[in-house]
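Participant:
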Amino acid sequence: MPGLSTTFALLGQTENEAASRLLLEALDGPTPAVRAAAVRAVLERRSEPGLRKLIGEVERLTGEELAIFAEHHGRPAPVLRDMVQSGEVRQVSDACKAAIRLREYDLMPTLIGMSEDDNRFGDQAAATLNQLADELVHELATERDERRRRDPQIARRNITAALESAVVRYPKHQRRELLEAFLQLATRDNAALHRLLTDVRDPCFTPLVEVMLNSERPGVIRLLLGFLEDSRPPTAGLQALLKRTDRRTLDALLKKVGGEPSPTVRANLRRVDAIAWSTDATLTSELDQEGQVAAVTAIVASGMK
1 MPGLSTTFAL LGQTENEAAS RLLLEALDGP TPAVRAAAVR AVLERRSEPG
51 LRKLIGEVER LTGEELAIFA EHHGRPAPVL RDMVQSGEVR QVSDACKAAI
101 RLREYDLMPT LIGMSEDDNR FGDQAAATLN QLADELVHEL ATERDERRRR
151 DPQIARRNIT AALESAVVRY PKHQRRELLE AFLQLATRDN AALHRLLTDV
201 RDPCFTPLVE VMLNSERPGV IRLLLGFLED SRPPTAGLQA LLKRTDRRTL
251 DALLKKVGGE PSPTVRANLR RVDAIAWSTD ATLTSELDQE GQVAAVTAIV
301 ASGMK
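In this text, residue positions in the sequence shown follow this note's numbering: the first is 1, and each later residue adds one.
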């Protein structure tokens, strides 16, 4: 529909503010094509009224409309930031839901700050932060969608840097959610992570280890498995991996070990003198044949007596 595209392209570019009112009405248009064109125009002109309306209706966005948002990532961030800092329950709730659905990682530094502050939205900000970290971990693990005009690796680096600073302030804010988000996104060679996990006197050491032992988030499990292939992993990280007995971590660990582990994996297993699940007959009996072979291989390769 060339005419429709031309009309909405004009509405998206004109400086006439009357266009914003027209776009608000078009967002309730009679056909999906009209609504999608209106969404694109709202994003291109950064129309605050239009963005607020879309954010409030984020759960009814179609796949096509979400794809248009992906092409314009970052555009909703200023409005989301204003809403999440507004102090109004409805606005904060809408902004948090929209940030997750739209994968607006640019909001994460603001959520970190809110999580640290002593305010009534701290819990909600921390929960949203970790859900966004989940989304970013998933995006990093899948083939990049070229329609999404951003590099998830850049987002990861920027957010990890902000989280490193927040982790250092843990004694003040006591937010374990921030530690969990950091462990989700940090790479196994992260210098700050290695420093924290090798200094048992650091006030962050024990809470970090506890998160590694108990978090079920994919990024945390991925990090622990990564230590197994690291030539110089922190001992605390290796021990946390082999102390876990949840089935998800066990299955992932045994898949990595297999029947013929790499020299690096063997060397790291040799450094461990206790494997928690090795004495759980119920858990190991539930493994399939490949899992049992890998379990025996891991136990034999370990430093257990």
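Just so you know, even glycine gets a beta-carbon here, dropped at the ideal spot from N, CA and C.
1) Just to confirm my understanding: we take ASP230, look at its own chain, exclude 5 residues before and 5 after, and list those with CB closer than 6 Å. What are they?
2) Can you tell me whether GLN124 is buried or exposed, with buried defined as 16 or more other CB within 10 angstroms of its CB?
3) Looking only at C-alpha atoms, which of GLY87, VAL137, LYS97 and PRO49 sits nearest to LEU61?
4) Take every Cβ of the stretch 102-118, pair it with every Cβ of the stretch 64-77, and state whether three or more of those distances are shorter than 8 Å.
5) Taking the alpha-carbon positions, what's the ARG150 to GLU135 distance?
6) Should GLN174 be labelled buried (16 or more other beta-carbon atoms within 10 Å of its own) or exposed?
7) Enumerate in chain order the residues of its own chain whose CB-to-CB distance from GLU216 is below 8 Å, with the five nearest sequence positions on each side excluded.
8) Using only the alpha-carbon positions, how far apart do ARG45 and THR110 sit?
9) Quick check on the DSSP output: what are the complete alpha helix (DSSP H) runs of length 4 or more inside the stretch 147-176, in order along the chain?
10) Please state whether DSSP places ILE275 in a helix, a strand or coil.
11) Do you know how far the Cα of ALA155 is from the Cα of GLN296?
12) So, LEU102 versus GLU177, is the Cβ gap smaller than 8 Å?
13) Mind checking whether LEU179 and PRO207 have CB atoms under 8 Å apart?
14) What is the rounded straight-line gap between the Cα of ILE68 and the Cα of ASP28?
15) Which residue spans inside the stretch 209-261 form an unbroken alpha helix (DSSP H) run of at least 4?
16) Within 10 angstroms of the Cβ of ARG244, are there 16 or more other Cβ atoms? Answer buried if so, exposed if not.
17) Find out if the Cβ-Cβ distance for the pair LEU253, ALA274 is shorter than 8 Å.
18) I'd like the list of long-range same chain contacts for PRO256, defined as Cβ closer than 8 Å, with 5 residues on each side in sequence excluded.
19) Would you report the Cα separation of LEU183 and ALA37, rounded to the nearest angstrom?
20) Given a cut-off of 8 Å, decide if GLY258 and ALA301 are closer than it, judged by their beta-carbon atoms.
21) Going by other Cβ atoms of all chains shown within 10 Å of its Cβ, with 16 needed for buried, is THR366 buried or exposed?
22) Is DSSP giving ARG46 helix, strand or coil here?
23) Candidates ALA236, ASP199 and TRP277: which alpha carbon is nearest LEU250's?
24) Does the Cβ of SER47 have 16 or more other Cβ atoms within 10 Å, making it buried, or fewer, making it exposed?
25) Taking the alpha-carbon positions, what's the LEU213 to ALA236 distance?
Facilitator: Checking against the coordinates, here is how it stands:
1) ARG188.
2) buried
3) LYS97
4) Yes: at least three Cβ pairs fall under 8 Å.
5) 14 Å
6) exposed
7) ASP246 and ARG248
8) 24 Å
9) 152-168 and 170-173
10) If DSSP states are grouped into helix, strand and coil, ILE275 belongs with coil.
11) At residue 296 the sequence reads Val, which differs from the Gln that was named. So the two alpha carbons sit approximately 40 Å from each other.
12) no
13) yes
14) 17 Å
15) Qualifying alpha helix (DSSP H) stretches, in chain order: 218-227, 235-243 and 247-257.
16) buried
17) The Cβ atoms of LEU253 and ALA274 lie no closer than 8 Å to each other.
18) The residue you asked about is not Pro; residue 256 is Lys in the sequence shown. Excluding residues within five positions, the ones whose Cβ falls inside 8 Å are LEU225, LEU228, GLU229 and VAL265.
19) 40 Å
20) no
21) For residue 366 there is no data in the structure shown, the boundaries of the chain being 1 and 305.
22) In the displayed model, ARG46 falls within coil according to three-state DSSP, outside both helix and strand.
23) TRP277
24) buried
25) 10 Å
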